[in-house]
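First to last, the protein sequences are chains A and B. So for the first sequence, my numbering puts the first residue at 49; every next one is plus one. So for the second sequence, my numbering puts the first residue at 49; every next one is plus one. Backbone N, C-alpha and C define an ideal beta-carbon position, used for all residues, glycine too. Taking it in order: structure first as structure tokens, then the write-up.
Number of protein chains: 2
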Amino acid sequence: MSAPTPGGRTGRRSGESGTREAILEAARQRFAEHGFDGATIRGIAADAGVDPALVHHYFGTKERLFVEAMRFPVVPSEVLASVRNGDPDRLGEAIVRTVLGVWETRDLRAQAEALIRSAVTNDKAAAMLRTFVTSTILATVAGLTNVEDAEYRASLVASQIIGLGIARYIVALEPLASASVDDVAAAVGPTIQHYFTDAVRA
Amino acid sequence: MSAPTPGGRTGRRSGESGTREAILEAARQRFAEHGFDGATIRGIAADAGVDPALVHHYFGTKERLFVEAMRFPVVPSEVLASVRNGDPDRLGEAIVRTVLGVWETRDLRAQAEALIRSAVTNDKAAAMLRTFVTSTILATVAGLTNVEDAEYRASLVASQIIGLGIARYIVALEPLASASVDDVAAAVGPTIQHYFTDAVRA
DNA sequence: CGGTGAATTCAACGTCTGTAGAATTCAGCA
DNA sequence: TGCTGAATTCTACAGACGTTGAATTCACCG
Numbered sequence: 049m050s051a052p053t054p055g056g057r058t059g060r061r062s063g064e065s066g067t068r069e070a071i072l073e074a075a076r077q078r079f080a081e082h083g084f085d086g087a088t089i090r091g092i093a094a095d096a097g098v099d100p101a102l103v104h105h106y107f108g109t110k111e112r113l114f115v116e117a118m119r120f121p122v123v124p125s126e127v128l129a130s131v132r133n134g135d136p137d138r139l140g141e142a143i144v145r146t147v148l149g150v151w152e153t154r155d156l157r158a159q160a161e162a163l164i165r166s167a168v169t170n171d172k173a174a175a176m177l178r179t180f181v182t183s184t185i186l187a188t189v190a191g192l193t194n195v196e197d198a199e200y201r202a203s204l205v206a207s208q209i210i211g212l213g214i215a216r217y218i219v220a221l222e223p224l225a226s227a228s229v230d231d232v233a234a235a236v237g238p239t240i241q242h243y244f245t246d247a248v249r250a
Numbered sequence: 049m050s051a052p053t054p055g056g057r058t059g060r061r062s063g064e065s066g067t068r069e070a071i072l073e074a075a076r077q078r079f080a081e082h083g084f085d086g087a088t089i090r091g092i093a094a095d096a097g098v099d100p101a102l103v104h105h106y107f108g109t110k111e112r113l114f115v116e117a118m119r120f121p122v123v124p125s126e127v128l129a130s131v132r133n134g135d136p137d138r139l140g141e142a143i144v145r146t147v148l149g150v151w152e153t154r155d156l157r158a159q160a161e162a163l164i165r166s167a168v169t170n171d172k173a174a175a176m177l178r179t180f181v182t183s184t185i186l187a188t189v190a191g192l193t194n195v196e197d198a199e200y201r202a203s204l205v206a207s208q209i210i211g212l213g214i215a216r217y218i219v220a221l222e223p224l225a226s227a228s229v230d231d232v233a234a235a236v237g238p239t240i241q242h243y244f245t246d247a248v249r250a
């Protein structure tokens, strides 16, 4: 990463360059650090060791690059499959552990961070986050239990998951940011469980 | 608001202009909509019906303008005073209602939105948010109950409050965004109560 | 061996940004 | 009345941004 333009020589290079993937990787990292609006194509290109025009050659616009970089590499339902086979009374805790696991996995963390950092100031990214929540968390809530008000419960779960990610990983609020996975699971697990199972309307 | 430059005439005007306050008001609104990095001094000046250089004249830099605009107009402990006199078993619910009340109050909502939108991509704003959480939520937790681990509990409360604000007001996640105050209080109140009173370590 | 098309860079455009300095008009005080 | 200083605008700079078009080099296929 971050190799500057090598020779300043124009034209095609020999061998498999893997440039497209390098750009996507750099983009995920930059979007994760600065959000969509804050990240720059010039910066991404520099990280990938490439001319900014090449980014445009591959992806057209910054927005299309973002969409491409955000393609989720793991089908979330597969990640959550293991959750299904646990003690139903500890479902909330299992979900929190899964979420924390995602944030500890370099590539997934970059995508999560990028999506959240961008969604807060950019409308299209917010729409992408809404879609992700609806298609993932809602599917999980609806699939694991058959309670009423699945959408409402899913959005409550999302509010705590998003808040946890921001407080712990983005704003680095102590002591939550440094707490062990076990402690966080012990504290937040029951919250998710509550949104799954208890009464949530007045 | 948003009156364009009137006559294009230079020099001082007659009477109390109230320009400084107009700039601060416009700044709060713009920072709320776009966050610190996305808001522009030119845009703020336009909303205040004033030349951009005047903003610089009053506040020096964009960062100082932000700090000035974020000065909290209401001492939060006063807002939370009423909470103290309620049923201790419904403390979580009372806090959620207070927070939702803040988000429905135009000026306070602008500041909350500005602080959160900025904190996600800007380091100094993140530090301000951390300070706010520490000085407000921690003080409340420590003042209302005398449990162990007050800091950890406070950061857990903050994670749910921040997540609620983002999901409901910034990302507009349905059906949470349209739910009634009563429903949200019924769902999220117990979560806060749990972070206040239950065991939160493994 | 020649040609086509992809990969790559260069140079440039128009626009927007935060900030600065100088000029102008006025309020308030001596 | 005259001076000082605050309020306000104009003009401008220097840098960054996304995007574009043309030029160059190479891989691959016939």
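Cβ-based burial, residue 239 of chain A [other Cβ within 10 Å; buried from 16]: So residue 239 of chain A counts as buried.
Inter-residue spacing [alpha-carbon to alpha-carbon] between residue 54 of chain B and residue 69 of chain B: Per-residue confidence for residue 54 of chain B stands at a pLDDT of 42, beneath the threshold of 50, marking its modelled position as unreliable; no derived number is given.
Selected residue, minimal CA-CA separation from residue 242 of chain B, among B:219, B:208, B:101: Comparing Cα positions, the closest option is B:208.
Local Cβ density within 10 Å of residue 120 of chain A, reported as buried at 16 or more and exposed below that: Its Cβ having fewer than 16 others within 10 Å, residue 120 of chain A is exposed.
Backbone secondary structure at residue 201 of chain A - three-state DSSP: In this structure, residue 201 of chain A counts as helix in the three-state DSSP scheme.
Residue-level contact to chain A via CB, residue 95 of chain B, 9 Å cutoff: With 9 Å as the cut-off, residue 95 of chain B does not count as an interface residue toward chain A.
DSSP state of residue 196 of chain A mapped onto helix, strand, coil: Residue 196 of chain A falls in the coil class under three-state DSSP.
Chain A contact residues for residue 204 of chain B, given Cβ-Cβ distances below 8 Å: Identification of chain A residues near residue 204 of chain B by a Cβ-Cβ cut-off of 8 Å yields 224, 235, 236, ordered along the chain.
Residue 202 of chain A vs residue 186 of chain A beta-carbon contact at 9 Å: In contact: residue 202 of chain A and residue 186 of chain A (Cβ atoms closer than 9 Å).
C-beta atoms of residue 107 of chain B and residue 71 of chain B nearer than 9 Å: Yes, these two residues count as a Cβ contact at 9 Å.
Three-way DSSP call (helix, strand, coil) for residue 177 of chain B in this model: Correct three-state label for residue 177 of chain B: helix.
Sequence ranges, alpha helix (DSSP H) only - wholly within the region 75-153 of chain B, length at least 4: Contiguous alpha helix (DSSP H) elements confined to the region 75-153 of chain B occur at 89-96, 100-107, 110-118, 124-127, 129-132, 139-152, taking only those with 4 or more residues.
Sub-9 Å separation of residue 214 of chain A and residue 143 of chain B beta-carbons: It is not a contact, given that the beta carbons lie outside the stated cut-off.
Where residue 199 of chain B meets chain A, residues with beta-carbon distance less than 8 Å: Here the neighbours are 222, 223.
Minimum Cβ-Cβ distance from residue 178 of chain A to chain B less than 9 Å: Chain B contact via Cβ: present.
Cutoff 6 Å; reference residue 156 of chain A; Cβ partners in own chain excluding five residues on either side: These residues qualify, in order along the chain: 150.
Contact check, residue 85 of chain B vs residue 85 of chain A, beta carbons under 9 Å: In this structure, residue 85 of chain A lies closer than 9 Å to residue 85 of chain B by Cβ.
Partners in chain B for residue 250 of chain A, counting only beta-carbon separations shorter than 8 Å: Those are 228, 230, 231, 233, 234, listed as they occur along chain B.
Test: residue 3 of chain A CB closer than 9 Å to a CB of chain B: Past the edges of chain A, shown from 49 to 250, lies residue 3 of chain A, and the structure says nothing about it.
Check whether residue 165 of chain A and residue 218 of chain A have beta carbons under 9 Å apart: The answer is yes: Cβ separation under 9 Å.
Extent of the continuous alpha helix (DSSP H) run through residue 240 of chain B: Bounds of the alpha helix (DSSP H) holding residue 240 of chain B are 229-245.
Candidates A:131, A:148, A:82, A:126, of which the one nearest residue 162 of chain A by Cα: Selected option, being the one with the closest Cα: A:82.
C-beta contact flag for residue 250 of chain B and residue 230 of chain A at 9 Å: The answer is yes: Cβ separation under 9 Å.
Proximity winner among B:77, B:244, B:97, relative to residue 67 of chain B (alpha-carbon distances): Taking only the C-alpha atoms, the option nearest residue 67 of chain B is B:97.
Minimum C-alpha distance to residue 194 of chain B - residue among B:152, B:246, B:159: Closest in alpha carbon position to residue 194 of chain B, among B:152, B:246, B:159, is B:246.
Contact set between residue 251 of chain B and chain A, taken where Cβ atoms lie within less than 7 Å: Residue 251 of chain B lies beyond the stretch modelled for chain B, which goes from 49 to 250, so this question has no answer here.
CA-to-CA distance, residue 102 of chain A to residue 210 of chain A, given in whole angstroms: The straight-line gap from Cα to Cα measures roughly 34 Å.
Chain-ordered chain B contacts of residue 130 of chain A [CB-CB under 8 Å]: Simply none; closest approach about 20 Å.
Proximal chain A residues relative to residue 215 of chain B, where beta-carbon distance stays under 7 Å: For residue 215 of chain B, the chain A residues whose C-beta falls within less than 7 Å of its own C-beta are 203, 206, 207, 210, listed in chain order.
Short Cβ contact (9 Å threshold) for residue 220 of chain A with residue 178 of chain B: Contact flag set, yes.
Sequence-distant residues of the same chain with beta carbon closer than 7 Å to residue 51 of chain A, five excluded per side: Summary for residue 51 of chain A: the model assigns pLDDT 36, below 50, so the residue's position carries little reliability; its value from the coordinates is reported in the next sentence. Closer than 7 Å at Cβ, skipping near neighbours: 97.
Chain-ordered chain A contacts of residue 86 of chain B [CB-CB under 7 Å]: Against chain A, a Cβ distance below 7 Å from residue 86 of chain B picks out 85, 169.
Which listed residue (B:216, B:233, B:234) has its alpha carbon closest to that of residue 226 of chain B: Comparing Cα positions, the closest option is B:216.
Cβ-based neighbour list, residue 248 of chain A, same chain, cut-off 7 Å, excluding 5 preceding and 5 following: Excluding positions up to five away in sequence, the list reads 197, 200, 201, 204.
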